[in-house]
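To start, the structure itself, in structure tokens.
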Amino acid sequence: MADADELDEIVRRKLGALISRVTQEIEFRWGDECLPLPRILLHVLDPVEALISFELQRIKNSPTWEAAERKRKIRNLMAMR
């Protein structure tokens, strides 16, 4: 199971790849006529980013997450011995 920082990095990487793909597709299909489209895309993605950040924080603060993190830390300590 990934820890909070790893999950955050995975989400950021996947969103970055998605944004890049969409932007490339827009530029390929519409060329110079697409200038307002990336702005629209950013406008749409801002609430998505806020929602994902909120959900990640909620997950990180959940009792299930905390229990999983404790188990992971104990396993890591045991593996070091």
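All residue numbers for the sequence shown refer to the working numbering, where the first residue is 23 and numbers rise by one. Where is the CB? At the ideal position from N, CA and C, for every residue including glycine.
- Across the structure, arginine 92 and isoleucine 81 are spaced so that their CA atoms are roughly 15 Å apart.
- The continuous alpha helix (DSSP H) containing arginine 92 extends over residues 85–102.
- Leucine 63 is not a Cβ neighbour of valine 33, given a cutoff of 8 Å.
- Collapsing the DSSP output to three states places aspartate 25 in coil.
- Take isoleucine 74, set aside five residues on each side of it, and the residues of its chain with a beta-carbon closer than 8 Å to its own are Val33, Leu37, in chain order.
- Rounded to whole angstroms, methionine 102 and serine 42 show a C-alpha spacing of 40 Å.
- CA-to-CA, the gap between aspartate 27 and valine 66 works out to about 25 Å.
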